[in-house]
Amino acid sequence: MTLFAVPSLRLATWNVNSLKVRLPHLLAWLHARTVDIVCLQETKLADESFPVQDLLDAGYRCHFAGQKTYNGVAILLRVASVGVADAVIPALPDFDDSQKRLIALTVEGMRIVCGYFPNGQAVGSEKYAYKLQWIKALTQWLRGEISSHDRLALLGDFNIAPEARDVHDPVLWEGQILCSDAEREGFRGLLALGLRDAFRLFEQPERSFTWWDYRELAFRRKMGLRIDHILLSAALAGLCTGCEIDVELRRQERPSDHAPVVATLTSP
DNA sequence: ATGGCATGACAATCATGA
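Residue 58 in numbering that gives the first Met the number 0 sits at position 59 of the first sequence, with consecutive numbering throughout.
This is the structure:
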């Protein structure tokens, strides 16, 4: 029995930090690495500026919700391996938000949710309160989505390092933004919906991170955080045969400060 | 020392990221 049109599917998430700047990196990566469903964050592009044709030429259909300068999310679907999406929503329902941080769609029987969680700036700030509200609204909405979709994946830049082992220096970051108790509680609240952290389904190298500050040679010094995640419902976690961080992309010329995370789902 | 670097909007600096 096959669940998908192809024996296995790769799901990926990558905060590109400007799709305009990173389009050549993205196209090269799509060409080199067969990924079927790609969630992007921080595209920083208005919808009319989205490079639809470049991506179609590369073999991907695009769904996106963007704005100028900040935020912006997209889901790319590889034409050769997955069908046409439906039930596309360009925002979190029932949450009044001028910031483009969520897009979701259904494809191959899976509900795919791409999120760019707020950064939060500093614990106790207004942006921090907004972050916690956003996470709460997401969690409430997902509760309903999961009840109607056995196969659901939440991918994105969560801006949360869930545990001490996800932080290069847990003592330095203790209680700081991305690592505070309330943020980690929010992450656990998502797991409590029945989602699994795909990366932690497998043995992983120590000091595995997805983001490194541009400053202070942070990447070279392995000073990073694991804040980009793929969470899978039980039905999809059971099909997951691997999950890796594509660290190579952080080594390139003019890189994004985030590296992609890729999970493989294999039909039984 | 609250900076550093990168991006975008804008036209010299400034907001934001994490």
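Just so it is clear, CB atoms sit at the ideal spot from N, CA and C, and this is done for glycine as well. Since the structure is predicted, the reported quantities are computational estimates derived from the model, not experimental observations.
Can you look up residue i in the DSSP assignment and give me helix, strand or coil?
i: F63; result: strand
i: A27; result: helix
i: D56; result: helix
i: S7; result: strand
i: P77; result: Reading the sequence as shown, one finds Arg at residue 77 and not Pro. In this structure, R77 counts as strand in the three-state DSSP scheme.
i: L104; result: strand
i: D245; result: coil
i: V83; result: coil
i: L2; result: coil
i: V72; result: strand
i: L22; result: helix
i: D46; result: helix
Let's test the definition: count the other Cβ atoms within 10 Å of the Cβ of residue i and tell me whether it reaches 16, buried, or not, exposed.
i: Y59; result: buried
i: Q175; result: exposed
i: S255; result: buried
i: L216; result: exposed
i: Y213; result: exposed
i: K126; result: exposed
i: V30; result: The residue you asked about is not Val; residue 30 is His in the sequence shown. Flag for H30 reads exposed.
i: N110; result: The sequence shown places Arg at residue 110, rather than the Asn named in the question. It counts as buried.
i: P117; result: buried
i: T42; result: buried
i: P50; result: buried
i: G71; result: buried
i: P279; result: It is not possible to answer for residue 279, since the shown part of the chain is limited to 0 through 267.
Give a single yes or no on whether residue i has its beta carbon closer than 8 Å to a heavy atom of the ligand COA.
i: C178; result: As far as ligands go, the structure on display features none, and thus does not contain the ligand COA.
Alpha helix (DSSP H) containing residue i: first to last residue?
i: L235; result: A233 to A236
If I'm right that residue i touches residue j with Cβ under 8 Å, what's the distance once you round it to whole angstroms?
i: P169; j: R183; result: P169 to R183, Cβ: 12 Å. No contact.
i: D56; j: Y115; result: Not really, about 26 Å apart at Cβ, beyond 8 Å.
i: S207; j: I244; result: 6 Å
i: T263; j: S97; result: In fact, because the Cβ distance is near 36 Å, the residues do not count as touching under 8 Å.
i: A64; j: I102; result: 5 Å
Please report the residue range of the beta strand (DSSP E) in which residue i lies.
i: D212; result: Note, D212: premise wrong, no beta strand (DSSP E); not H, not E.
i: T33; result: Element bounds for T33: n/a, residue is neither H nor E.
i: I111; result: M109 to Y115
i: L91; result: It is not in any beta strand (DSSP E) - L91 carries neither H nor E in the DSSP assignment.
i: V260; result: V260 to T265
Run through the segment 123-200 for me and flag every whole alpha helix (DSSP H) of 4 or more residues, listed as ranges in chain order. Within the segment 123-200, the complete alpha helix (DSSP H) runs of at least 4 residues are 125-147, 169-172 and 180-190.
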